[in-house]
Structures are given as C-alpha cells and as structure tokens.
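Below is one structure, written out as structure tokens; the observations come after it.
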Amino acid sequence: MDHVIFHIDEKEKSPLLLGNVKNLLADMTAEVEVLANGVAVIGYKSEEFINQMNSLKDQGVQFVACRNALNAHHILKEELFAFVSVIPAGVVELVEKQSSGYAYIKP
Amino acid sequence: MDHVIFHIDEKEKSPLLLGNVKNLLADMTAEVEVLANGVAVIGYKSEEFINQMNSLKDQGVQFVACRNALNAHHILKEELFAFVSVIPAGVVELVEKQSSGYAYIKP
Amino acid sequence: MDHVIFHIDEKEKSPLLLGNVKNLLADMTAEVEVLANGVAVIGYKSEEFINQMNSLKDQGVQFVACRNALNAHHILKEELFAFVSVIPAGVVELVEKQSSGYAYIKP
Numbered sequence: 879m880d881h882v883i884f885h886i887d888e889k890e891k892s893p894l895l896l897g898n899v900k901n902l903l904a905d906m907t908a909e910v911e912v913l914a915n916g917v918a919v920i921g922y923k924s925e926e927f928i929n930q931m932n933s934l935k936d937q938g939v940q941f942v943a944c945r946n947a948l949n950a951h952h953i954l955k956e957e958l959f960a961f962v963s964v965i966p967a968g969v970v971e972l973v974e975k976q977s978s979g980y981a982y983i984k985p
Numbered sequence: 879m880d881h882v883i884f885h886i887d888e889k890e891k892s893p894l895l896l897g898n899v900k901n902l903l904a905d906m907t908a909e910v911e912v913l914a915n916g917v918a919v920i921g922y923k924s925e926e927f928i929n930q931m932n933s934l935k936d937q938g939v940q941f942v943a944c945r946n947a948l949n950a951h952h953i954l955k956e957e958l959f960a961f962v963s964v965i966p967a968g969v970v971e972l973v974e975k976q977s978s979g980y981a982y983i984k985p
Numbered sequence: 879m880d881h882v883i884f885h886i887d888e889k890e891k892s893p894l895l896l897g898n899v900k901n902l903l904a905d906m907t908a909e910v911e912v913l914a915n916g917v918a919v920i921g922y923k924s925e926e927f928i929n930q931m932n933s934l935k936d937q938g939v940q941f942v943a944c945r946n947a948l949n950a951h952h953i954l955k956e957e958l959f960a961f962v963s964v965i966p967a968g969v970v971e972l973v974e975k976q977s978s979g980y981a982y983i984k985p
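Chains as they are written, first to last, in my numbering: chain A, 879 to 985; chain B, 879 to 985; chain C, 879 to 985.
Structural data, given as structure tokens:
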C-alpha cells in the first residue's frame, strides 16, 4: 500500500488540501497523514472544516499538528479537534516519514 | 536518467515553474512531467504560456492535468492545449511517480 | 544520519523556513541544506536574517543559492553573505539531493 504525507503551513490552503486528500482516497488505497505546522494548525480547530475532516478521519486519515506551531500561535491541544494528534516537531515528522517511504505532497 | 515531477496548483506560479523546467533541462538530462491541479490547470489554456510550453514539450516535457481540477473549474479537455494529457486524479499521479523514483519539486 | 533539503522560492517564507530549520535541529541530528531560487535569493543578503542564518550556519546548515535566480534578480555573488554558496541551477540540486536520499521540505 502507498503511504503519503501531506504538508500544510498556510491557512488558506486548507480547502484545497482537504479536497486533495478526498480525491486521493477516491482513486487509491493509501495510508495518509496530514501534517500541519506554521499558521495552518489553526485549521485544526476551525468549525468550517470539521465535517470534511471527520469524514476523512473515518477513512483512516491521520491529522497531526506540530507542537512548536501550536505554541507559536498560542493554541492549546485541548482546543483542537479530539482526533488530532500532536507531535513535538512537524519538520522532523516530514523527514522521518519520507525516510520510511512516504510520498510528500505540498498543496 | 533522472526523473522529476513538478507540481503546480497556483496560477501565479506558472512563469516561475516554466522557468524552473527550462533551467533544469539546460543543465541536466531528465524525464520531466509537469502535473497541474487546483486552479493552476487554467495555465494549460492560457495563450501567454503557449510558446514556452511548446518549446518545453518539444524537449520531451509531459504536461498533465488533473480531471478533478478541470471539473471543479468547468474546463473541458478540448479547451486545453492539444499536447496536454488528462488523468483522473493529480494527487494519485504525484504519489505514483514518487513511488517509482521521481524527485518532487513544488515551485 | 538523515539528510534534508529545504526549498524556498518566496521571499515572505524566509522567517518560516528559518524557524523550521531551527526546530528541526533542536529535535534531530541531520545534514541540512537550504536551497533558495526564484526571488527568495534576496533573503541571502537581507540583514534582518543574518543572525538566524549565522547561528544555523554554525550548526552546519548549508545555504545555497541558484545562479539563474541571482542573474534574474541582478544580484552579484559578492552581495550575498559570505557563507552562502552558489550553484548553477537550483532545480538540478533539488533533483540530485533527492536522488541521493535527501528528504524534501517546501515551507
């Protein structure tokens, strides 16, 4: 099975990214992670995206937030949707996933 | 030979992308694909880019459009330059090419 | 050891990129290269970034500029910070590094 990590660090790209992930899973069986850092972590608490994110989560998509970014934008883990996981450094995750064979897509 | 997939999903990035591809081929023998999704598919029917794209096409560059993006922007395949090929899902192409060893560049 | 190439071609992304590299090295031992092309090469002569870049350089980060981009923006190598190296084509570097196992991150 293919593995993919999507990287988002711009808030405005959230709709495009969510559409990309939906389109991917409509045509391919893949393990998908969405890694948000920078200001894009705000998307993980925005009600406008909850329905789409919930639907993708039910299809197995992992939503992951960078703790450095949360700290920089004064966001607490408790403010994020419950299914979002938090890791210490988003960029480390991007490296480790690529090292283990994930494709990288930056919408 | 090296293989490269360029990803573009922003219309404004078309000039930068075309310059990138031109510079690459001036210094390296490589198999190059340009994958456009999102609003960037509009660039595949913009007269301002036809000369540059034609020249790159003559050097073997493949220009590929995402059908999901064409549908979302109400663009028919017939409106695109004749040398552009259309695939069902751009993101699937990005994964498959990386899985088969292509480098990924997002201008 | 992991290897990472960061790609920047937008001037506004310099602060985000420098923060990304700092965060990476705080959590991971890695060989890091920052490749600037397009208008982002201007960041390599901007006094506002010199302290951060100096600190990262001291941690082993390589800062590399694309000569095509310098020429396009009428910047001489002598204007750049002394620790910046110049290569003929940034996109070729991006391909070669990925071919030799570098992870690619585009902030």
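No residue lacks a Cβ here, since even glycine has one placed at the ideal position from N, Cα and C. Note that the coordinates shown come from a computational prediction; the quantities given were computed from them, not determined experimentally.
Beta-carbon spacing of I883/B, L895/B below 8 Å: On the second sequence, residue 883/B is found 5 positions in, with the first residue counted as 1. On the second sequence, residue 895/B is found 17 positions in, with the first residue counted as 1. Against a cut-off of 8 Å, the Cβ pair of L895/B and I883/B comes out as no contact.
Residue burial classification, N915/C (beta-carbon count within 10 angstroms, cutoff 16): By 1-based counting over the third sequence, the position of residue 915/C is 37. Flag for N915/C reads buried.
Rounded separation between D936/C and K900/A - CA only: Position 58 of the third sequence, counted from the first residue, corresponds to residue 936/C. Position 22 of the first sequence, counted from the first residue, corresponds to residue 900/A. Their backbone Cα atoms lie some 43 Å apart in a straight line.
Integer Cβ distance of M906/B from V973/C, believed to fall under 8 Å: Looking up residue 906/B in the second sequence gives position 28. Looking up residue 973/C in the third sequence gives position 95. Yes, they are in contact, since the Cβ atoms of M906/B and V973/C sit about 7 Å apart, within 8 Å.
Contacts around S963/A, its chain only, beta-carbon distance under 6 Å, and the 5 residues preceding and following it disregarded: Residue 963/A sits at position 85 when you count from the first residue of the first sequence. Excluding sequence neighbours, S963/A sits near V942.
Min CB distance G916/B to chain A below 8 Å: Along the second sequence, read from residue 1 onward, the residue named residue 916/B stands at position 38. Chain A contact via Cβ: present.
Opening and closing residue of the alpha helix (DSSP H) in which V899/A lies: Residue 899/A sits at position 21 when you count from the first residue of the first sequence. S892 to D905 is the span of the alpha helix (DSSP H), which, as asked, contains V899/A.
Interface residues of chain A facing A981/B [CB-CB closer than 9 Å]: By one-based count along the second sequence, residue 981/B stands at place 103. The contacting residues do not exist; A981/B stays about 10 Å from chain A at best.
Beta-carbon contacts of S892/B that lie in its chain and below 8 Å, excluding the five residues immediately before and after: As a position in the second sequence, residue 892/B is number 14, starting the count at 1. Answer for S892/B: I886, A918, G921, S924 and F927, listed in chain order.
Closest by C-alpha distance to G938/B, when choosing among K955/B, I983/B, E909/B and A981/B: Here the question's residue 938/B lines up with position 60 in the second sequence. The residue with the shortest Cα to Cα distance from G938/B is E909/B.
Whole-number beta carbon distance between A981/B and Q976/C, since they are thought to touch under 8 Å: In the third sequence, residue 976/C corresponds to position 98, counting from 1. In the second sequence, residue 981/B corresponds to position 103, counting from 1. With 8 Å as the limit, Q976/C and A981/B qualify as a contact, their Cβ atoms being about 4 Å apart.
Residue-level contact to chain A via CB, V882/C, 8 Å cutoff: Walking along the third sequence from the start, residue 882/C turns up at place 4. Yes, contact with chain A.
Within 7 Å of chain C by C-beta, residues of the segment 941-975 of chain A in sequence order: Hits within the stretch, in order: N946, P966, A967, V969, V970, L972 and V973.
Of the residues F959/C, L913/C, L902/C and E888/C, the one placed nearest G968/C, counting alpha carbons only: Counted from its first residue, the third sequence places residue 968/C at position 90. Cα-wise, what sits closest to G968/C is L913/C.
Member of K984/C, P985/C and S978/C whose CA lies at the smallest distance from the CA of M879/C: Position 1 of the third sequence, counted from the start, is the residue given in the question as residue 879/C. When only C-alpha atoms are compared, the closest one is S978/C.
Chain C contact residues for S896/B, given Cβ-Cβ distances below 8 Å: Along the second sequence, read from residue 1 onward, the residue named residue 896/B stands at position 18. In the sequence under discussion, the amino acid at residue 896/B is Leu, which differs from the Ser named in the question. Those do not exist, as L896/B stays about 12 Å from chain C at its closest Cβ, beyond 8 Å.
Sub-8 Å separation of E956/B and I965/B beta-carbons: The count along the second sequence starts at 1 and reaches residue 956/B at position 78. The count along the second sequence starts at 1 and reaches residue 965/B at position 87. Annotated as distal: E956/B and I965/B, with beta-carbon spacing of 8 Å or more.
Residues near L934/B in its chain [Cβ-Cβ closer than 6 Å; skip 5 each side]: Position 56 of the second sequence, counted from the start, is the residue given in the question as residue 934/B. These residues qualify, in order along the chain: V899.
K984/A at chain C interface by Cβ criterion, 8 Å: For the purposes of this step, residue 984/A is taken as residue 106 along the first sequence, with counting starting at 1. Interface with chain C (8 Å Cβ-Cβ cutoff): K984/A is included.
Collapsed DSSP secondary structure at F927/A in the structure displayed: Translated into positions along the first sequence, residue 927/A becomes position 49. Three-state DSSP puts F927/A in a helix.
Local Cβ density within 10 Å of N946/B, reported as buried at 16 or more and exposed below that: Stepping through the second sequence from its first residue, residue 946/B is reached at position 68. A residue is called buried when at least 16 other Cβ atoms come within 10 angstroms of its Cβ; N946/B meets this threshold and is buried.
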